[in-house]
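All remarks here apply to the structure that follows.
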Amino acid sequence: MGKSQLSVRSAKARDLAHRLARRENRSIAEVVERALEFYEIREAGREPASTFHASLTASSGVDIDLAKVIREGRQVHPGVEL
Numbered sequence: 002m003g004k005s006q007l008s009v010r011s012a013k014a015r016d017l018a019h020r021l022a023r024r025e026n027r028s029i030a031e032v033v034e035r036a037l038e039f040y041e042i043r044e045a046g047r048e049p050a051s052t053f054h055a056s057l058t059a060s061s062g063v064d065i066d067l068a069k070v071i072r073e074g075r076q077v078h079p080g081v082e083l
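Using the working numbering, you'd call the opening residue of the sequence shown number 2 and step up by one each time.
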């Protein structure tokens, strides 16, 4: 039984994978696997901002002005004492 293969029809993706593989001294398969793993970690666990804000509004019952909350919580730093 042969190895699984991934067919990429995008010339740009293919060229980028080849370039990264040469630069990193890795196989193209390793480059693609690492890129997809990174993408999954970065993107799959996140919900879109619009969904987050909608759920936040629904759970609190009011629209929260995050910039106002940040401004109110700021404190002036006295600076370094010389």
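Beta carbons: idealized from backbone N, C-alpha and C, even for Gly.
Looking at the structure shown, is residue 65 part of a helix, part of a strand, or coil, going by DSSP?
Annotated three-state conformation of residue 65 is coil, per DSSP.
With DSSP collapsed to three states, give me the class of residue 51.
If DSSP states are grouped into helix, strand and coil, residue 51 belongs with the helices.
With DSSP run on the structure shown, which of helix, strand or coil describes residue 4?
Three-state DSSP puts residue 4 in coil, outside helix and strand.
Could you tell me the boundaries of the alpha helix (DSSP H) in which residue 83 lies?
Secondary structure note for residue 83: it is in no alpha helix (DSSP H), with a DSSP letter that is neither H nor E.
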